[in-house]
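Novice: There's a structure below that I have some questions on.
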DNA sequence: CAGTGGTCTAGACCACCCA
DNA sequence: GGGTGGTCTAGACCACTGT
């Protein structure tokens, strides 16, 4: 086969997005309707959508559920090993952060409890947040904190760094951390909170945190849009 | 809408894969042909393929180009901050590693050179390898080594740890490392070397390595199948 | 209500893999 | 050469978003 037409389409669209200014992209980065693009490139919606899906996989464009396709902004650089707050590192990159607290409860979570080495029925503080970069929702996260380590935590506000709070108010020293990163397809709840279709490619980042005395402190799970971040870790010691 | 049919399909297939032993999966983990599955679930290939694509995004199944769909094996746990060799950590997890050297040359690479802080035309040793876990090709990688730091390197064999080689033969101490991880769509060359379709979801892991005197040593870029690995980093010092 | 993406049909032909 | 996935057509209806 010479080359699948949808791959040629992909290349054309990609190049027009990068150079050319792509006159057909409007001022907020929105692409024309699929039907319009399909007609312009003399093909059907199915084939056009294959090309769009390719670019989506590359992180060049993304879709907002039933609203249309948009050019994806530059990826955020993120170092999950540092405890700089989200607000800090987003601002440091010249972007605008925002955090929404979706829920604050006490509940049990077998996955979190077992990661922390506790009984699966051990109650935990649960905080759920949604975070934005330049008003685009890029991640939802669930934080599970061991109540004994930070009594009264749920009275606090959670629109800033949780780790900063734990350090200042409860003098907790976050020492050992175990971090796990795995690609995923966003499940229904996470996807709808991010305004994307179920199954959209995502990245799951989970941390388990212990203090200097190896007591379990916190477990958290972040679900990112895959095209929103680039992970960067700097290490200096030899292992 | 109640629920899209392909999502119901996805759920059924997922559950049958997890429990039930899925009698329709053969002994090597291969699924029946798309046409057969489509007929069995009373739908068309297009809709069935949507369901398969969902499971592919979840890392449950994968396809080998034009050969069929297969159940994905367990993800490999991988810590990119350690310099344990591929052979070592794959074996430690009870799996069987294999490395194929695809090419050994001297060439220029602007991306590698600039990451190392060298002139873009600075020649570098280039080693390209393909690596397998249990005979499944899971990644291709390009290694770019600064020739001045390891003269004669290209005479060596590269089916084992490069870092081990640099340490033993040239007494190089790998100190500072900058690691970057980003989701990607596998490009034509990488995809075909892995036997998958262009655009298949992948994970790109790049490292830039300096020695204790901050001299650039090596830059490498790994392209993994997204469902083949789970990244895990353990940290003990506070930052 | 108009426009958008999301889903789905019922076919077709082609390129590649393997026996 | 038979079977597989890969690509593509030309439609259709639906659900949701925004005005």
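Protein chains in written order, with full-length UniProt numbering: chain A, 1 to 239; chain B, 1 to 239.
Backbone N, C-alpha and C define an ideal beta-carbon position, used for all residues, glycine too.
With a threshold of 7 angstroms on Cβ separation, who are the neighbours of residue 5(A) within its own chain once the five nearest residues in sequence on each side are excluded?
Specialist: In its chain, beyond the 5 residues on either side, 43 and 47 have a beta carbon closer than 7 angstroms to the beta carbon of residue 5(A).
Novice: Does residue 17(B) come within less than 8 angstroms of chain A when only Cβ atoms are used?
Specialist: no
Novice: Please compile the residues from chain B whose C-beta is within a distance smaller than 7 angstroms of the C-beta of residue 57(A).
Specialist: Ordered by position in chain B, the residues that pass the 7 angstroms Cβ test against residue 57(A) are 185, 199 and 201.
Novice: Just to confirm my understanding: we take residue 128(B), look at its own chain, exclude 5 residues before and 5 after, and list those with CB closer than 6 angstroms. What are they?
Specialist: Once the five neighbours on either side are set aside, the close Cβ partners of residue 128(B) are 102, 103 and 142.
Novice: Suppose the cutoff is 7 angstroms on Cβ atoms and the five residues either side in sequence are ignored; what does the same chain contact list for residue 233(A) look like?
Specialist: The residues 79 and 81, in chain order, have a CB closer than 7 angstroms to that of residue 233(A) in the same chain once the five nearest residues on each side in sequence are set aside.
Novice: How close, in whole Å, do the beta carbons of residue 130(A) and residue 86(A) come, if the pair is a contact with beta carbons under 8 angstroms?
Specialist: Actually they are not in contact, since the Cβ atoms of residue 130(A) and residue 86(A) sit about 11 angstroms apart, beyond 8 angstroms.
Novice: Given that residue 179(A) touches chain B, what residues does it touch there, using C-beta distances under 9 angstroms?
Specialist: 231, 232, 233, 234 and 235
Novice: Per DSSP, what kind of secondary structure is residue 86(A) in: helix, strand or coil?
Specialist: Helix.
Novice: Quick check on residue 75(B) - is its C-beta less than 8 angstroms from some C-beta in chain A?
Specialist: yes
Novice: Only counting runs of 4 or more residues, tell me where the alpha helix (DSSP H) segments fall wholly within the region 69-135 of chain A, in order along the chain.
Specialist: Runs found: 86-92 and 110-115.
Novice: When DSSP labels each residue in this structure, what does residue 143(A) get in the three-state scheme?
Specialist: strand
Novice: Report yes or no: is there a C-beta of chain B within less than 8 angstroms of the C-beta of residue 240(A)?
Specialist: The structure shown has nothing for residue 240(A), since chain A only spans 1 to 239.
Novice: Taking residue 54(B) as the query, report the chain A residues whose CB atoms sit under 7 angstroms from its CB, ordered along the chain.
Specialist: Chain A residues near residue 54(B): 185 and 199.
Novice: Can you look up residue 3(B) in the DSSP assignment and give me helix, strand or coil?
Specialist: coil
Novice: Can we say the region 212-223 of chain A touches the region 168-177 of chain A, given the rule of at least three CB pairs closer than 8 angstroms?
Specialist: yes
Novice: Against chain B, does residue 226(A) count as a neighbour if the rule is that its beta carbon must be under 8 angstroms from one of theirs?
Specialist: Chain B contact via Cβ: present.
Novice: Output the boundary residues of the alpha helix (DSSP H) element that contains residue 37(B).
Specialist: 34-40
Novice: Under 8 angstroms between C-beta atoms, does residue 182(B) make it to chain A?
Specialist: yes
Novice: Have a look at the DSSP bridge pairing and note the partners of residue 202(B).
Specialist: 184(B) and 225(B)
Novice: Could you check what DSSP says for residue 47(B) in three-state terms: helix, strand or coil?
Specialist: helix
Novice: Can you list, in chain order, the residues of its chain with a C-beta nearer than 8 angstroms to that of residue 106(A)? Leave out the 5 residues immediately preceding and following it.
Specialist: 123, 124, 125, 126, 147 and 154
Novice: Measuring alpha carbon to alpha carbon, tell me which of 88(A), 16(A), 9(A) and 231(A) ends up nearest residue 246(A).
Specialist: Only positions 1 to 239 of chain A appear in the structure, and residue 246(A) is not among them; the question remains open.
Novice: In this structure, how does DSSP classify residue 26(A) when only helix, strand and coil are distinguished?
Specialist: DSSP, reduced to helix, strand and coil, places residue 26(A) outside both helices and strands of the structure shown, so it counts as coil.
Novice: Per DSSP, residue 230(A) forms a beta bridge with which residues?
Specialist: 77(A)
Novice: For residue 236(B), which three-state DSSP category applies?
Specialist: When secondary structure is reduced to three states using DSSP, residue 236(B) falls in the coil class, being assigned neither helix nor strand.
Novice: Check whether the Cβ atoms of residue 133(B) and residue 201(B) lie closer than 8 angstroms to each other.
Specialist: no
Novice: Identify whether residue 175(A) lies in helix, strand or coil by the three-state DSSP scheme.
Specialist: strand
Novice: Sort out for me which residues DSSP pairs residue 10(A) with in a bridge.
Specialist: Answer is none; residue 10(A) lacks a bridge partner.
Novice: Excluding five sequence neighbours on each side, which residues of the same chain lie with their C-beta closer than 8 angstroms to the C-beta of residue 19(A)?
Specialist: none
Novice: Under the rule that 16 or more other beta-carbon atoms within 10 Å means buried, what is residue 59(A), buried or exposed?
Specialist: buried
Novice: Go to residue 63(B), then tell me how far its beta strand (DSSP E) extends in each direction, as first and last residue.
Specialist: 61-64 is the extent of the beta strand (DSSP E) around residue 63(B).
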